[in-house]
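Protein chains in written order, with my numbering: chain A, 16 to 266; chain B, 3 to 85.
The beta carbon of each residue, even a glycine, is placed where N, CA and C say it ideally should be.
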Amino acid sequence: MTRVAAVADIHVGVDSVGRVAAGLRHVNERADMLLLGGDLTRCGEPVEAQMVANELAGVEIPIVAVLGNHDHHAAQTAEVVEVLEDAGVTVLDGTATTVGVDDATVGIAGGKGFGGGFAGANATAFGEPAMKAFVEETKREAARLQDALVEVRPRADRVIALLHYAPVPETLRGERLEIYPFLGSHLLAEAIDTAGADLVIHGHAHNGSERGVTPGGIRVRNVAQPVIQHAYRIYDLGEPAVREAPVAATG
Amino acid sequence: MAEPQEYLVHHIQDALATDARARELGVDVQVAGDRVVLTGTAATPAQRAAIAEVVGELADGYQVVNEMTVLSADEDGAVEELK
Numbered sequence: 016m017t018r019v020a021a022v023a024d025i026h027v028g029v030d031s032v033g034r035v036a037a038g039l040r041h042v043n044e045r046a047d048m049l050l051l052g053g054d055l056t057r058c059g060e061p062v063e064a065q066m067v068a069n070e071l072a073g074v075e076i077p078i079v080a081v082l083g084n085h086d087h088h089a090a091q092t093a094e095v096v097e098v099l100e101d102a103g104v105t106v107l108d109g110t111a112t113t114v115g116v117d118d119a120t121v122g123i124a125g126g127k128g129f130g131g132g133f134a135g136a137n138a139t140a141f142g143e144p145a146m147k148a149f150v151e152e153t154k155r156e157a158a159r160l161q162d163a164l165v166e167v168r169p170r171a172d173r174v175i176a177l178l179h180y181a182p183v184p185e186t187l188r189g190e191r192l193e194i195y196p197f198l199g200s201h202l203l204a205e206a207i208d209t210a211g212a213d214l215v216i217h218g219h220a221h222n223g224s225e226r227g228v229t230p231g232g233i234r235v236r237n238v239a240q241p242v243i244q245h246a247y248r249i250y251d252l253g254e255p256a257v258r259e260a261p262v263a264a265t266g
Numbered sequence: 003m004a005e006p007q008e009y010l011v012h013h014i015q016d017a018l019a020t021d022a023r024a025r026e027l028g029v030d031v032q033v034a035g036d037r038v039v040l041t042g043t044a045a046t047p048a049q050r051a052a053i054a055e056v057v058g059e060l061a062d063g064y065q066v067v068n069e070m071t072v073l074s075a076d077e078d079g080a081v082e083e084l085k
């Protein structure tokens with residue numbers, strides 16, 4: 016049994032003392048790891064990151080996070096990451112990590128992702144430099160996520176993709192259609208489907224829906240706290256499949 | 003002439019994203035008659051109040067109706083089995 020606790024968009028500000036910690040009192044007994052899908056802070060100030068670290072102090076299970084757009088606002092992401100890493104949080108940015116659960120290994124590949132919209136109504140890298148830069152940012156995020164998934168897969172029994180932005184429109188249901196291009200991109204889903212994963216976790220869309228699926232059939236869960244209406248959600252990945260033994264070298 | 007209501011909505015949303023008291027993008031702002039109705043979710047009660055304060059300063063002559071909820075953080079959510 017592999018139990019993954021996940022939440023996003025906790026938006027910790029200087030007036031948030033104790034709120035997140037109160038919701039995590041029993042997470043150590045209930046789950047094997049805690050995933051944070053971005054927007055940990057309200058404005059991306061290092062002092063807010065320190066408050067996040069304080070709120071997470073009682074969490075003893077591994078914590079893996081990505082940053083969200085709010086965490087970028089103050090343009091101090093290096094400092095924010097440093098504060099979080101010092102507190103024991105693994106922060107992914109087009110990278111991957113593994114968490115051991117009993118005899119199994121769960122790989123988590125993550126990144127912020129970005130917007131652009133979904134197939135048939137998506138932005139394209141055409142015209143003004145600003146438009147091209149917007150789309151290139153998404154392409155870069157998708158490519159780095161795909162590389163991280165490919166890299167971690169051989170050393171993991173289960174693989175989770177952790178994002179802030181949404182890879183599919185299904186988990187945006189409830190949001191205004193006009194803002195979908197600012198909430199996610201199908202390029203992220205394409206990257207995940209190409210590389211393969213068992214579960215996708217994201218946030219960002221506060222008015223969206225919890226459950227969706229990629230075009231390739233991978234389950235997607237929007238764990239933005241306003242969506243799940245709880246401190247976190249737990250996903251039980253079940254017993255891991257037995258990993259194939261490496262083929263013995265011959266000759 | 004009074005500001006057209008559509009521009010007021012835009013100005014309010016801009017202020018909610020940039021004003022240090024609010025910093026919130028997820029507020030749904032509707033102007034209806036002489037009321038500005040706010041829905042969505044704030045992280046804390048203090049942020050919920052600050053958002054209404056920012057809106058009140060911009061929406062001169064309007065009544066601000068704050069229907070925002072505050073993030074729920076209780077721990078007893080269901081476990082979903084993904085088998």
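Taking Cβ positions, are residue i and residue j nearer each other than 8 Å?
| i | j | result |
| --- | --- | --- |
| residue 48 of chain A | residue 79 of chain A | yes |
| residue 217 of chain A | residue 52 of chain A | yes |
| residue 139 of chain A | residue 202 of chain A | no |
| residue 177 of chain A | residue 243 of chain A | no |
| residue 46 of chain A | residue 19 of chain A | yes |
| residue 45 of chain B | residue 245 of chain A | no |
| residue 42 of chain B | residue 70 of chain B | yes |
| residue 81 of chain A | residue 147 of chain A | no |
| residue 16 of chain A | residue 213 of chain A | no |
| residue 61 of chain A | residue 32 of chain A | no |
| residue 248 of chain A | residue 79 of chain B | yes |
| residue 220 of chain A | residue 198 of chain A | yes |
| residue 164 of chain A | residue 211 of chain A | yes |
| residue 64 of chain A | residue 95 of chain A | yes |
What whole-angstrom Cβ distance do residue i and residue j have, given they're in contact under 8 Å?
| i | j | result |
| --- | --- | --- |
| residue 180 of chain A | residue 129 of chain A | 6 Å |
| residue 10 of chain B | residue 33 of chain B | 6 Å |
| residue 56 of chain B | residue 24 of chain B | 5 Å |
Name, in chain order, the residues that DSSP records as bridge partners for residue i.
| i | result |
| --- | --- |
| residue 217 of chain A | A:237 |
| residue 71 of chain B | B:43 |
| residue 250 of chain A | A:19 and B:82 |
| residue 7 of chain B | Partner(s): none; residue 7 of chain B has no beta bridge. |
| residue 48 of chain A | A:19 |
| residue 32 of chain B | B:39 |
| residue 190 of chain A | A:188 |
| residue 200 of chain A | A:132 |
| residue 111 of chain A | A:124 |
Residues in the same chain with beta-carbon distance under 6 Å from residue i, minus the five sequence neighbours each way, listed in chain order, please.
| i | result |
| --- | --- |
| residue 158 of chain A | none |
| residue 231 of chain A | 208 |
| residue 24 of chain A | 54, 218, 239 and 240 |
| residue 222 of chain A | 189 and 190 |
| residue 104 of chain A | 78 and 80 |
| residue 194 of chain A | none |
| residue 50 of chain B | 44, 70 and 72 |
| residue 14 of chain B | 31, 57 and 60 |
| residue 84 of chain B | none |
| residue 66 of chain A | 27 |
Have a look at the options and flag the residue whose alpha-carbon is nearest the alpha-carbon of residue i.
| i | options | result |
| --- | --- | --- |
| residue 114 of chain A | A:67, A:174 and A:39 | A:174 |
| residue 88 of chain A | B:47, B:14, B:50 and B:21 | B:21 |
| residue 43 of chain A | A:199, A:73 and A:162 | A:73 |
| residue 108 of chain A | A:118, A:131, A:187 and A:83 | A:83 |
| residue 150 of chain A | A:200, A:194 and A:163 | A:200 |
| residue 135 of chain A | A:99, A:196 and A:93 | A:196 |
| residue 74 of chain B | A:254, A:39 and A:233 | A:39 |
| residue 7 of chain B | B:18, B:27, B:31 and B:19 | B:31 |
| residue 17 of chain B | B:48, B:61 and B:5 | B:61 |
| residue 186 of chain A | A:227, A:93 and A:50 | A:227 |
| residue 48 of chain B | B:72, B:76, B:81 and B:59 | B:72 |
| residue 5 of chain B | B:50, B:64 and B:77 | B:64 |
| residue 86 of chain A | A:137, A:57 and A:117 | A:57 |
| residue 253 of chain A | A:116, A:63 and A:100 | A:116 |
| residue 41 of chain A | A:63, A:76 and A:66 | A:76 |
| residue 87 of chain B | A:118, A:169, A:141 and A:37 | With chain B covering only 3 through 85, there is no way to say anything about residue 87 of chain B. |
Which same chain residues end up closer than 8 Å to residue i when comparing Cβ atoms and leaving out the 5 residues on each side of it in sequence?
| i | result |
| --- | --- |
| residue 229 of chain A | 182, 183, 204, 207, 208, 215 and 235 |
| residue 67 of chain B | 37, 38, 39 and 40 |
| residue 171 of chain A | 113, 120, 121 and 122 |
| residue 166 of chain A | 111 and 124 |
| residue 144 of chain A | none |
| residue 1 of chain B | Any property of residue 1 of chain B remains undetermined from this structure, which presents chain B solely from 3 to 85. |
| residue 261 of chain A | With a pLDDT of only 49 at residue 261 of chain A, under 50, the local geometry of the prediction cannot be trusted, and the value read off the model is given with reservation. Cβ within range, chain order: n/a, list empty. |
| residue 91 of chain A | 59, 60 and 61 |
| residue 224 of chain A | 185, 186, 187, 188, 189, 237 and 242 |
Which residues in the same chain have their Cβ closer than 7 Å to the Cβ of residue i, if we skip the five residues on either side of it in sequence?
| i | result |
| --- | --- |
| residue 102 of chain A | 68 and 71 |
| residue 54 of chain B | 40, 66 and 68 |
| residue 264 of chain A | Here the model assigns residue 264 of chain A a pLDDT of 49, short of 50, so the residue's position is not dependable, and the following value carries that caveat. Nothing meets the Cβ criterion. |
| residue 52 of chain B | 23 and 24 |
| residue 100 of chain A | 106 |
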